[in-house]
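Written out below as structure tokens is the structure these notes cover.
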Amino acid sequence: MKKILLSLLIIILIAIGILAKYLIDRSTIFTGFAAKNVASGIFVAGRTQESIEAVDINFFPVNLANTVVDKDNKVVTSDFFGFGKQTVVYREGLGCTLIGEKSIDEVRKQNCKIAEIKSPYKDELWPMGDVDYDTTLSFVNEEKLNSAIQAALKEGNTRSILVAYDTLVKWEAYADGFDENTPILGWSMSKSITSTMLGILEKEGRINIDDKSVLKEWANDDRKNISIRNLLNMNSGLHWVEDYGDISEATIMLYSSTDIAKYAMSMPIAFPPDSVWCYSSGTSNILSEIIKRKFNTIEDYWAFPQKEIFHKIGMYNTIIEPDAVGTFIGSSYTYAPTRDWARYGLLYLNNGIWKGDTIVTPDWVSFTREEAPNSEGKYGAQFWLNKSGHELPDAPKDIYFADGYQGQRVYIVPSKKLVIVRFGVSKRGEFDYNKFVTSVLAAFDN
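All you need for the working numbering is the position in the sequence shown, starting with 1, plus 1.
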């Protein structure tokens, strides 16, 4: 009996040791996730640490992180029993940044002159402002629509829903703890905004998406054949693993890299460009670096999306957070209230034109919606497509959308003149997107 107990004890100790090593090896990733989400949740979104820890980071192993908030200095730290310590700092106008190998002082010394500006249009009519039109649309079944919205709000930990018909009318609803002013993380919907920035540079003649050799670091190997178009279409051929459940290129880049673009740019080529479709947050951050290099100063780069996109279409509460060297994390970290995300969708619904001002050209919007080679009708240029019906089998095939982790969506429905926005924290299978979108569309007889 003693031998059996001793054997069991040895097995238990070995199992504990294996688990401890597993967690320590991954501690930088899950403490980084915890620190970053708590910091942005508090200092950008105005939420409480308790609410963030109860939902946003309440899953293994992230919920093992010990996260401490210094509200006076706007610094958040997180560790796992002393291992994998991560630090995040908040800066006005830039949000929160994991400092990586830099010090807090080094990151704060970056010359940030971006002030958070309140919208001067708040009292104007939607969508530039927040005032609703005093009108009803005869072809809308309000009872059906409200029923669809309320049903979605009860499913899959949904936080907000907004449905906008063209630039005329909107319907919206929010879960407890969220309202029209709460900035919400879009995760990979940031990729779509990165595409918009490139569309502006293309309109201005500052880039050609078919140019190759766009990065000096690639000039002397096969990566010199990668074009901006390849990167936009996720057809670069670069090696990449997009796995958020373990150590992967994606998690190393976001949570263990001081310079995210440098890390992504270091990937070797695995396939000829345009031959294999591979979803990669790394390519979106390479695009962020390409954008940054088009500006003479970091201040001009940081101001670019504010001046050329957000402020022009009423998105005054939107920020893209950078890494520790100042590069926008164009794959993942855009915070905006639900109404701002809807405004972004309306820009694309109207072919890139806002109140007569061409933000991006209609040709760029068309390019955005073109099927990327080898994507099986699922992907365009940093936007997802519904041509294959992979997410919305019963909805119109002309739908295209910005898609973010845990169920963030901005659906653009040209055939119905609709933008449908949904935010939440949903695990796979917890929210029925097809049912939601089709129930909303059923309320519109147009």
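Even for Gly, the Cβ is constructed at its ideal location relative to N, Cα and C. Keep in mind it's a predicted model, so treat the numbers as computed, not measured.
Can you tell me the Cα-Cα spacing of residue i and residue j, whole angstroms?
i	j	result
Phe60	Gly378	33 Å
Asp301	Ile292	11 Å
Gly357	Ala325	37 Å
Val170	Trp127	8 Å
Asp275	Gly238	7 Å
Gly157	Asp177	14 Å
Leu6	Leu20	21 Å
Asp80	Pro394	43 Å
Gly96	Ser139	43 Å
Ala55	Val63	11 Å
Leu14	Gly47	43 Å
Val422	Lys22	41 Å
Trp355	Val108	36 Å
Thr136	Leu348	22 Å
Thr456	Arg344	Within the shown structure, residues of the chain are numbered from 2 to 447, placing residue 456 beyond reach of any answer.
Leu186	Asn318	12 Å
Thr68	Glu431	28 Å
Met2	Ser8	10 Å
Phe329	Ile11	49 Å
Gly42	Lys217	37 Å
So, is residue i buried or exposed, given that buried needs 16 or more other C-beta atoms within 10 angstroms?
i	result
Glu322	buried
Ala271	exposed
Asn74	exposed
Lys155	exposed
Met266	buried
Ser332	buried
Gln87	buried
Thr49	exposed
Lys114	exposed
Ser193	buried
Ala1	The question about residue 1 has no answer, for the chain in this structure spans 2 to 447.
Pro363	exposed
Arg294	exposed
Ser191	buried
Thr359	exposed
Gly450	Examination of residue 450 is not possible in this model, given that the chain is present from 2 through 447 alone.
Glu290	buried
Asp57	buried
Thr298	exposed
Ile118	exposed
Give me, in chain order, the residues of the same chain whose beta-carbon lies closer than 8 Å to that of residue i; leave out the 5 immediate sequence neighbours on both sides.
i	result
Asn209	Glu203, Ile229
Lys145	Ser440, Ala443, Ala444
Lys418	Tyr166, Asp167, Leu350, Asn447
The ligand HEM and residue i: does the residue's C-beta get closer than 8 Å to at least one heavy atom of that ligand?
i	result
Ile320	This structure lacks the ligand HEM, and indeed carries no ligand of any kind.
Apart from the five residues just before and just after residue i, which ones in its own chain have a Cβ nearer than 6 Å to its Cβ?
i	result
Gln407	Val426, Ser427
Val76	Val90
Glu173	Leu163
Based on the DSSP output, what are the partners of residue i in its beta bridges?
i	result
Leu419	Tyr166, Val414
Asn67	Asp80
Gly401	Reading off the sequence, residue 401 comes out as Tyr, not Gly. Bridge partners of Tyr401: Leu386, Ile413.
Gly425	Thr159
Gly353	Gly353 is not bridged to any residue.
Phe464	In the structure as shown, the chain begins at 2 and stops at 447. Residue 464 is therefore absent and cannot be evaluated.
Leu393	In the DSSP output, where bridge partners are listed per residue, Leu393 has none listed.
Thr98	Val90
Phe445	Val141
Thr195	Its beta-bridge partners do not exist; DSSP assigns none.
Ile185	Ala337
Thr359	Ile354
Ile270	Leu239
Could you pull out every residue in the same chain whose Cβ sits closer than 7 Å to the Cβ of residue i, ignoring the five residues on either side in sequence?
i	result
Lys225	Lys213, Ser214, Trp219
Ala304	Ile115
Ala153	Thr159, Ile162, Arg423, Phe437
Tyr122	Met129, Gly130, Gly315
Ile287	Leu232, Ala262, Ala265, Met266
Lys313	Trp355, Asp358, Ile360
Completely contained beta strand (DSSP E) runs for the segment 125-174, where each covers 3 or more residues: Whole beta strand (DSSP E) segments, 3+ residues: 159-166.
Where are the beta strand (DSSP E) runs, 3 residues long or more, that stay fully inside the segment 208-247, in chain order? Listed in chain order, there is nothing to give.
Could you tell me which whole alpha helix (DSSP H) segments of length 4 or greater appear in the segment 273-335? The DSSP assignment places complete alpha helix (DSSP H) segments of no fewer than 4 residues inside the segment 273-335 at 282-293, 299-306, in order along the chain.
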